[in-house]
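One structure is given below, encoded as structure tokens.
In full-length UniProt numbering, the protein residues as written are 1 to 93.
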């Protein structure tokens with residue numbers, strides 16, 4: 001007989017399979033892309049982040065591209081997302 005924990009786990013996984021959203025950072029194993037999404041999603045709604053994330057990854061597909069970009073270009077791309085220190089910290093890293 002399954003334990004209560006196993007039963008809850010199974011129900012949660014079934015719910016997730018039916019309800020999950022198709023988000024670009026869930027379809028990659030690239031740590032950089034996942035990291036960018038985590039930073040963008042801090043205190044920001046998913047629906048707001050989606051277009052910014054897509055533009056960001058298109059413009060800066062790698063950490064090397066981001067590192068070589070001028071701060072002005074980075075901040076311009078971030079414009080409207082708020083909390084500009086997040087963009088600056090991505091570049092610093």
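For every residue, glycine included, the Cβ atom is placed at its ideal position computed from N, Cα and C.
Only a predicted model underlies this, so the values are computations on that prediction, with no experimental measurement involved.
* Asked: Which two residues bound the contiguous alpha helix (DSSP H) that contains residue 72?
  -> Run containing residue 72: 71-78, per the alpha helix (DSSP H) assignment.
* If you run the structure through DSSP and keep just helix, strand and coil, what is residue 86? -> Residue 86 sits in a helix when the DSSP states are folded into three classes.
* **Unbroken stretches of the alpha helix (DSSP H), 4 residues or longer, contained in the segment 4-40** => Residue ranges of uninterrupted alpha helix (DSSP H) with 4 or more members, entirely inside the segment 4-40 and ordered along the chain, are 4-19, 31-40.
* **Of the residues 38, 32, 18, 84, the one placed nearest residue 65, counting alpha carbons only** => Closest in alpha carbon position to residue 65, among 38, 32, 18, 84, is 32.
* Hey, out of 79, 75, 18, 48, whose CA is closest to residue 94's CA? -> Because the chain spans 1 through 93 in this model, residue 94 falls outside it and cannot be assessed.
* Expressed to the nearest angstrom, what Euclidean distance is found between the alpha-carbon atoms of residue 7 and residue 18? -> Cα to Cα, residue 7 sits roughly 17 angstroms from residue 18.
* Exposed or buried, which one is residue 36 when buried takes at least 16 other CB atoms within 10 Å? -> Residue 36 comes out buried.
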